[in-house]
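Chemist:
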Amino acid sequence: MLGSLKATLMLWVVLVTVVIAPVRLFFDLRGQLQRTSEAYDVGLSDWALALGNLVHIVDGRVQFDLNEQTEQSLRTSSTDTTYYIVLGPGGERLAGDAPLGAPSILLARGERRMFNTHVGKSPVRMAVHAVECGARLCQVRVAETLGKRDKARSESLALTLTLALVFALVFALAIWLVVRHAMQPLESVNEQLAQRSLDDLRPLRRGRMPSEVQPLLNAVDQLLQRVAADASRQRHFIADAAHQLRTPLTSLRTEAELALLEAHPPAVHATLERVHRSTQRVARAADQLLALARSEASSTEPGEPVDLKAVAQDAAQDWVPRALERGADLGFQLDAAPVRGRRHLLGELLANLIHNALEYATGDAQRPARITVRTGLRAQGGAEPRPMIEVEDNGPGIAPEERSRVFERFYRAPGSVGAGSGLGLAIVRDIARSHGATVELLDGEDGCGLRVRVVFLPAS
Ligand SMILES: Nc1ncnc2c1ncn2[C@@H]1O[C@H](COP(=O)(O)OP(=O)(O)O)[C@@H](O)[C@H]1O
Ligand SMILES: [Mg+2]
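So for the sequence shown, our numbering puts the first residue at 1; every next one is plus one.
Okay, structure coming up:
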């Protein structure tokens, strides 16, 4: 069957119409032709009746008196030739056109009948009347060719076909409009679903939906509910798993640090170092998984007023000592940037950006790593200025073809240094998205390095 419901409906309506309409048309046309033909028959029969009145018996002999004017008016017609004949009781011609004499027809007293016959080669319609001639019966026959009847028939046919065509066009248009109107609710559901982001699992908007569509909406809503419940179960599972891993990982890391500080055989030093680094890496991945699960879980909570400047100031306390340790220059240019959001998540977002900058912009003696954190309002055309936070570094940057992929979970650009797990930018994007913010990856100031800018909705 056809893929489109609209096309299926239209096809069936058109098919049914195509079958029914000609039958209807045929009966209409037949009735109309019959009525026209009857009207002409009555006219012809009246002539026969009028001529019958001119038959008299005078002295026992049958006489027929037709004056010239009456005969002329009988025979005058723009389209047809008219014939008549008066036959005596024995079938002999008393007056009129001889060809009408055949065939002989038997009529009862007072009877009139209509016939289709021929005069020469022309088909004619003939009215025959029995007229009293004393005790016996005479006959008056009047016939006319079929010119006006044929004309009336073709006019009726043309009119009926024209009307049928106009009707078919109007009908098709009306059906198309009705089907389109009836399909509107399905299209609105379609639009709603197409525009949904994966995070938006709220029930569908109903509006004025017809009852036939309600079960579909209910089924979709139930499915969305189940998906939401399943997603929430998964988030909790990840959060629980990450949480469970944290404590043993922290003690493992402490043990490794202690072991490195204790006297140990030089042969195991390298191994201890590797254990320490791996534990650090796994502990950070567990922290990031926890952050990811939290950012998703809280994406529907309304936020509180937060100033990005304060978030950056908090981060400065954590990160300046670590930057110094690595010989990197971590600077801050902070202006007020009020947003609505969840402060701990915004802190997590910034931590991931600074961590990346420190990780990848390693620098060297001639060109030390330089990292700048900025907050403030950013004017965009004539629109209301929007709060933003950005982290810029002078490292290798991210190749343009990698820029869309680095936001994927567990994706690391080829040749990435350091001990990452590919979750940092995914967390940044998720937290930004849950705040209605967008993340842009841009080149650094002098065309090298990376500038990650997160632009928020105005707080008002
Ligand atoms: N500041 C940066 N400079 C250069 N490359 C970066 C920077 N930040 C992120 N990247 C690239 O993006 C990839 C994804 O980053 P991220 O999601 O934080 O994962 P991870 O840091 O664990 O590898 C990294 O592997 C790295 O290649
Ligand atoms: Mg990272």
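We put the beta carbon where it would ideally sit given N, CA and C, even for glycine. Here the structure is a predicted model, which means the values were calculated and not measured.
So is PRO185 buried or exposed if we call it buried at 16+ other beta carbons inside 10 Å?
Modeler: On the sequence shown, position 185 is the one that residue 185 refers to. Classification of PRO185: buried, given that the 10 Å Cβ count is 16 or more.
Chemist: Which residue's Cα is closest to the Cα of PHE410: GLU144, THR117, GLU440 and ALA426?
Modeler: Reading the sequence shown from its first residue, position 410 is the one you call residue 410. It is ALA426.
Chemist: Does the contact criterion of 3 or more C-beta pairs under 8 angstroms hold for the segment 21-37 versus the segment 99-112?
Modeler: no
Chemist: Within this structure, are the beta carbons of LEU330 and ILE389 separated by less than 8 angstroms?
Modeler: Within the sequence shown, numbered from 1, the residue matching residue 330 stands at position 330. Within the sequence shown, numbered from 1, the residue matching residue 389 stands at position 389. Inclusion of LEU330 and ILE389 in the CB contact set at 8 angstroms is not warranted, their separation being larger than that value.
Chemist: Quick check: the Cα distance between LEU292 and ASP430, rounded to an integer number of angstroms?
Modeler: Indexing the sequence shown from 1 puts residue 292 at position 292. Indexing the sequence shown from 1 puts residue 430 at position 430. If you take the alpha carbons of LEU292 and ASP430, they lie about 7 angstroms apart.
Chemist: I'd like to know whether the C-beta atoms of PRO387 and ALA459 end up nearer to each other than 8 angstroms.
Modeler: To locate residue 387, count along the sequence shown from 1; it is residue 387. To locate residue 459, count along the sequence shown from 1; it is residue 459. Against a cut-off of 8 angstroms, the Cβ pair of ALA459 and PRO387 comes out as a contact.
Chemist: Can you tell me the Cα-Cα spacing of ARG433 and LEU252, whole angstroms?
Modeler: Within the sequence shown, numbered from 1, the residue matching residue 433 stands at position 433. Within the sequence shown, numbered from 1, the residue matching residue 252 stands at position 252. Roughly 35 angstroms between the two C-alpha positions.
Chemist: Give a single yes or no on whether ARG412 has its beta carbon closer than 7 angstroms to a heavy atom of ligand 1.
Modeler: If you number the sequence shown from 1, residue 412 lands on position 412. Because some heavy atom of ligand 1 lies under 7 angstroms away, the Cβ of ARG412 counts as near it: yes.
Chemist: With respect to the alpha helix (DSSP H) encompassing MET183, which residues constitute its N-terminal and C-terminal limits?
Modeler: Here residue 183 refers to the residue found at position 183 when the sequence shown is read from its first residue. MET183 -> alpha helix (DSSP H) spans 147-195.
Chemist: Among residues of its own chain, excluding the 5 on either side of LEU201, which ones have a beta-carbon nearer than 8 angstroms to its beta-carbon?
Modeler: Position 201 of the sequence shown holds residue 201. Excluding residues within five positions, the ones whose Cβ falls inside 8 angstroms are LEU224, GLN225, VAL227, ALA228 and ALA231.
Chemist: Would you mind stating whether ALA297 and ARG235 have Cβ atoms separated by less than 8 angstroms?
Modeler: Residue 297 sits at position 297 when you count from the first residue of the sequence shown. Residue 235 sits at position 235 when you count from the first residue of the sequence shown. In contact: ALA297 and ARG235 (Cβ atoms closer than 8 angstroms).
Chemist: Distance check for ALA152 and ILE20, CA to CA, integer angstroms please.
Modeler: Here residue 20 refers to the residue found at position 20 when the sequence shown is read from its first residue. Here residue 152 refers to the residue found at position 152 when the sequence shown is read from its first residue. Computed Cα separation, rounded: 25 angstroms.
Chemist: What does a CB cutoff of less than 6 angstroms around LEU289 pick up in its chain, not counting 5 residues either side in sequence?
Modeler: On the sequence shown, residue 289 is found 289 positions in, with the first residue counted as 1. Non-local beta-carbon contacts of LEU289 in its own chain, meaning distances under 6 angstroms to residues more than five positions away in sequence, involve ILE238 and ALA242 in chain order.
Chemist: What did DSSP end up calling ALA263 once you bin it into helix, strand or coil?
Modeler: As a first step, residue 263 is located in the sequence shown; it is residue number 263 there, counting from the start. Of the three classes helix, strand and coil, the one that applies to ALA263 here is coil, per DSSP.
Chemist: If I follow the unbroken beta strand (DSSP E) through ASN116, where does it start and stop?
Modeler: Mapped onto the sequence shown, residue 116 falls at position 116. Run containing ASN116: 112-119, per the beta strand (DSSP E) assignment.
Chemist: Return the CA-CA distance between ARG378 and ASP335, expressed in angstroms with no decimal places.
Modeler: As a working note, residue 378 is residue 378 in the sequence shown. As a working note, residue 335 is residue 335 in the sequence shown. When rounded, the distance between both Cα atoms is 11 angstroms.
Chemist: Going along the chain, which residues of its own chain have a beta-carbon closer than 6 angstroms to the beta-carbon of VAL140, five neighbours each way excluded?
Modeler: For this step, residue 140 is matched to residue 140 along the sequence shown. Closer than 6 angstroms at the Cβ level, and outside the excluded window around VAL140, lie ALA48, LEU51, GLY52, VAL86, HIS129 and VAL131.
Chemist: Are ASP462 and ALA357 close, meaning C-beta to C-beta below 8 angstroms?
Modeler: A question about residue 462 goes unanswered here, because the residues of the chain that appear run from 1 up to 460.
Chemist: Throw me the rounded Cβ distance for the ILE370 and GLN333 pair, which I believe falls under 8 angstroms.
Modeler: Translated into the one-based positions of the sequence shown, residue 370 becomes position 370. Translated into the one-based positions of the sequence shown, residue 333 becomes position 333. Note on identity: in this sequence residue 370 is Arg, with Ile being the wrong assignment. At roughly 13 angstroms, the Cβ-Cβ gap does not stay under 8 angstroms, so ARG370 and GLN333 are not in contact.
Chemist: Look up HIS243 in the DSSP assignment and say whether it is helix, strand or coil.
Modeler: Walking along the sequence shown from the start, residue 243 turns up at place 243. Three-state DSSP puts HIS243 in a helix.
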